[in-house]
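As given, the protein sequences belong to chains P and W, one line each in that order.
Letter 272 of the first sequence, counting from 1, is numbered 267 in the working numbering, and no numbers are missing.
Letter 101 of the second sequence, counting from 1, is numbered 96 in the working numbering, and no numbers are missing.
There are 2 protein chains.
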Amino acid sequence: MSQQKTIALDVMSGDRSPRFRIAAALDCLSIHPGLHFILVGDRHFIRDSLTGSATELRSRITVVHADQVVTMDDRPSLALRRKQNSSMWRALEQVSMGVAQACVSAGNTGALMAMGRFLLKTHPGIDRPAIIGQIPSIGRDTFMLDLGANVDCNSEHLYQFAVLGSLMLSEVIGITAPTIGLLNVGQEDIKGDERVRLAQELILANPGLNYQGFVEGHDIFRGTVDLVVCDGFPGNVALKAGEGASSYISHVMRQGTGLTGWRKLYSYLALPFVRHMVRQIDPSRFNGASFLGLQGVVVKSHGGADQREFGYALERAVMEVERNAIYRINDKLESYF
Amino acid sequence: MSQQKTIALDVMSGDRSPRFRIAAALDCLSIHPGLHFILVGDRHFIRDSLTGSATELRSRITVVHADQVVTMDDRPSLALRRKQNSSMWRALEQVSMGVAQACVSAGNTGALMAMGRFLLKTHPGIDRPAIIGQIPSIGRDTFMLDLGANVDCNSEHLYQFAVLGSLMLSEVIGITAPTIGLLNVGQEDIKGDERVRLAQELILANPGLNYQGFVEGHDIFRGTVDLVVCDGFPGNVALKAGEGASSYISHVMRQGTGLTGWRKLYSYLALPFVRHMVRQIDPSRFNGASFLGLQGVVVKSHGGADQREFGYALERAVMEVERNAIYRINDKLESYF
């Protein structure tokens, strides 16, 4: 693999115009002098979009053509078989071939995971990749996985997520002995189903994991632990519920329902700030979420991300490449299995 | 069963002093002239707490002694076998014997459910009771079940929850043809696990249910549907995550982090309002949640509820008794199975 930092970008996938993603890549190139991009998608469209951009930036861009696009409705298993000429597949392929060190896509999560597993493989000992996100919470950010890649995990999968997340935080983010909580419906040991109780036993049996116990939905935003481990179903629901509750507050403040006089005014004036908070609550928009467990950096941006938001996903990929995330995690994984 | 409205109150269970719950019962009696309470717990303590209260109110109170208390740590199955002299058991027994029409408890949810199933039985066709709560959302309140009584539901259980919730809304709350959504990690039909996809088929097969499709975590607070149906694990997590995200916003506003000058002041001044919103987001505190599926009204108050919050749980029980919730639901259930 070359020493040069190269990120493959799935230009075509996502709800918004691919132009935003190309513009975000140009922004990112101007910030990082040593960086290269492989823009994957319709070659005519990409070249057309690059017209007028600085020659120096264009010199650090390679275009790889792909004539298919994975849509949001595509069933992952079908996309895997029938869309091997898609921008998503070709972008991941740049990583599997060692041409790029990371892939960024705003496309169909299930398809990205299926193709990622097929092309990049998982780390030894890891059955499934999971999506990890960074959530603003009181005092410090909380990292959480899985955010929706897997909706029927068993105890062993949850244990693997705890190991992956813990290594990401200690080896890549730089948090010493990160504290870990397992998401449940209560803190008492009798709470939850067999699956989380058994996962707790597996995690407790490993002294390398700084496990704190069960945590609940509100703990995600309270900074109770550095890392919240969960199945992707409740993880995804919790994240979106947090965003929904914040939007509700912002909505009621905007309406000023139940408020009178000065308080209505104050509330109105504080609104931009609340809106800012609401946006921050949704990490898929704000931070980019990355797949953990694959033998390659894959960052998933929100499908509806605008240029700035997509830029965050690109920054996340740059950070993971610069810090050698995959090698560091791979290196330490062995001792856990 | 007598025509008199009687509510059995588990005085002893809950995190706070039982005095708050007795005070809430006295408040409730003063609002509802035809109402009676059976206070269940330590008879000496209860009599002592009633000293000094108005004679008329005391004339509508019966005390039933119980010398055991179910704790929050008690395993439901053990509580069921060994705590048949507890205030929780005795309070539920008042309903099963037909002396009271409802039971209210702030105790251990799992034990309340286990004892409720044993003493009151479920409606014909219903395997498990679920907890339904009322959540403030944009435009209208959203009802949601299950909020944590069951953490490993199958598709048939989810279907039963949809039927129970729909009947509660149409027959008791008075919402015509309530709209129903099934909680999932995405709106597309391919999303989620086998369990929610099969539950969707079961619900769609019944024309009596006004089903709208899959909903996501944010929809709970957006008023997308009248009723959100889910397993108790993600349901509980979503609810608490919503409360956590709101608390986070309130915290950041209090700190004024990242704000300067006037905006900091505005934010500070709007804070009481945001706090009020945060409290509203947590329905277990604000509305009381009730068990659906049992052949008797059982309302679950938050363990840490104060006098006012416990009062909401009592009001919910009064409402369900006045509207004959159990009979109305029982009457209509047959056509769904």
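Ideal Cβ positions, reconstructed from N, Cα and C, are used throughout, including at glycine.
DSSP three-state assignment for residue i, whether helix, strand or coil
i, result
"Lys337 of chain P", "Only positions -4 to 332 of chain P appear in the structure, and residue 337 of chain P is not among them; the question remains open."
"Pro28 of chain W", "coil"
"Met139 of chain W", "strand"
"Gln129 of chain W", "strand"
"Tyr322 of chain W", "helix"
"Ser48 of chain P", "coil"
"Lys78 of chain P", "coil"
"Lys116 of chain W", "coil"
"Thr219 of chain P", "coil"
"Gln195 of chain W", "helix"
"Ala97 of chain P", "strand"
"Leu328 of chain W", "helix"
"Gly298 of chain W", "coil"
"Ile121 of chain P", "coil"
"Val90 of chain W", "helix"
"Gly36 of chain P", "strand"
Straight-line Cα distance separating residue j from residue i
i, j, result
"Met(-4) of chain W", "Thr46 of chain W", "Only weak support is given to the placement of Met(-4) of chain W: the predicted model assigns it a pLDDT of 41, under 50, and the value that follows is read from those uncertain coordinates. The straight-line gap from Cα to Cα measures roughly 30 Å."
"Ser82 of chain P", "Val99 of chain P", "11 Å"
"Thr174 of chain W", "Thr117 of chain W", "24 Å"
"Met139 of chain P", "Ile41 of chain P", "35 Å"
"Gln89 of chain W", "Gln96 of chain W", "8 Å"
"Leu197 of chain W", "Tyr206 of chain P", "40 Å"
"Glu317 of chain W", "Tyr263 of chain P", "41 Å"
"Leu153 of chain W", "Asp147 of chain W", "10 Å"
"Gly256 of chain P", "Gln290 of chain P", "58 Å"
"Gln227 of chain P", "Ser48 of chain W", "Strictly speaking, residue 227 of chain P in this sequence is Gly, with Gln absent from that position. Taking the straight line joining both Cα atoms gives about 53 Å."
"Val247 of chain P", "Leu266 of chain W", "13 Å"
"Gly203 of chain P", "Arg76 of chain W", "40 Å"
"Ala200 of chain W", "Tyr331 of chain W", "10 Å"
"Ala233 of chain W", "Cys225 of chain P", "13 Å"
Closer than 7 Å at the beta carbon, the chain W residues around residue i
i, result
"Arg70 of chain P", "Ile185"
"Leu178 of chain P", "Val232"
"Gly237 of chain P", "Ala236, Gly237, Gly239, Ala240"
"Val146 of chain P", "Val180, Gly187, Asp188"
"Gly143 of chain P", "Val180"
Beta-carbon spacing of residue i, residue j below 8 Å
i, j, result
"Ala20 of chain W", "Leu34 of chain W", "yes"
"Leu159 of chain P", "Ile324 of chain P", "yes"
"Asp136 of chain W", "Ile130 of chain W", "yes"
"Ala61 of chain P", "Asn103 of chain P", "no"
"Ala240 of chain W", "Gly237 of chain P", "yes"
"Lys235 of chain P", "Glu183 of chain W", "no"
"Val292 of chain P", "Ala308 of chain P", "no"
"Ile287 of chain P", "Ala125 of chain P", "Contrary to the premise, residue 287 of chain P reads as Leu rather than Ile in this sequence. Yes, they are a contact pair."
"Leu115 of chain W", "Lys327 of chain W", "no"
"Thr1 of chain P", "His31 of chain P", "yes"
"Asp214 of chain P", "Gly187 of chain P", "no"
"Val65 of chain P", "Ala101 of chain P", "no"
"Gly299 of chain W", "Arg11 of chain W", "yes"
"Gln155 of chain W", "Ile121 of chain W", "yes"
Contact set between residue i and chain W, taken where Cβ atoms lie within less than 9 Å
i, result
"Gly9 of chain P", "Under the 9 Å cutoff, chain W gives no residues; its nearest Cβ is about 15 Å from Gly9 of chain P."
Residue range of the beta strand (DSSP E) that includes residue i
i, result
"Val64 of chain P", "Careful: Val64 of chain P lies outside any beta strand (DSSP E) and carries neither H nor E."
"Glu0 of chain P", "Checking the sequence shown, residue 0 of chain P turns out to be Lys, not Glu. From DSSP, the beta strand (DSSP E) with Lys0 of chain P extends over 0 to 5."
"Ser242 of chain P", "Element bounds for Ser242 of chain P: not the beta strand (DSSP E) but the alpha helix (DSSP H), 227 to 250."
"Phe286 of chain P", "284 to 287"
"Gln207 of chain W", "205 to 210"
Under 8 Å from the C-beta of residue i: neighbouring residues of chain W
i, result
"Ile127 of chain P", "None at all; the shortest Cβ gap to chain W is about 16 Å."
"Phe138 of chain P", "Those do not exist, as Phe138 of chain P stays about 15 Å from chain W at its closest Cβ, beyond 8 Å."
"Pro336 of chain P", "Lying outside -4 to 332, the shown extent of chain P, residue 336 of chain P is not represented and no answer is given."
"Gly102 of chain P", "Per Cβ cutoff of 8 Å: no residues; Gly102 of chain P is ~13 Å from chain W at best."
Near the ligand NAD: residue i beta-carbon under 7 Å from a heavy atom
i, result
"Arg323 of chain W", "Among the components modelled here there is no ligand, and therefore nothing to report on the ligand NAD."
Span of the alpha helix (DSSP H), counted from its first residue to its last, around residue i
i, result
"Ala172 of chain W", "Note, Ala172 of chain W: premise wrong, no alpha helix (DSSP H); not H, not E."
"Ser161 of chain W", "150 to 162"
"Ala144 of chain W", "Note, Ala144 of chain W: premise wrong, no alpha helix (DSSP H); not H, not E."
"Ala308 of chain P", "302 to 317"
Amino acids of chain P, ordered along the chain, whose beta-carbon sits closer than 9 Å to that of residue i
i, result
"Ser242 of chain W", "Ile133, His213, Phe216, Arg217"
Contacts that residue i makes with chain P (C-beta to C-beta distance below 7 Å)
i, result
"Val269 of chain W", "Ile244"
Chain P residues whose Cβ lies nearer than 8 Å to that of residue i
i, result
"Asp326 of chain W", "By Cβ distance, chain P contributes nothing, its closest Cβ being about 32 Å from Asp326 of chain W, past 8 Å."
"Met67 of chain W", "Glu183"
Cutoff 8 Å: residue i Cβ touching any chain A Cβ
i, result
"Ala97 of chain W", "Although the question refers to chain A, the structure presented lacks it and instead comprises the protein chains P and W."
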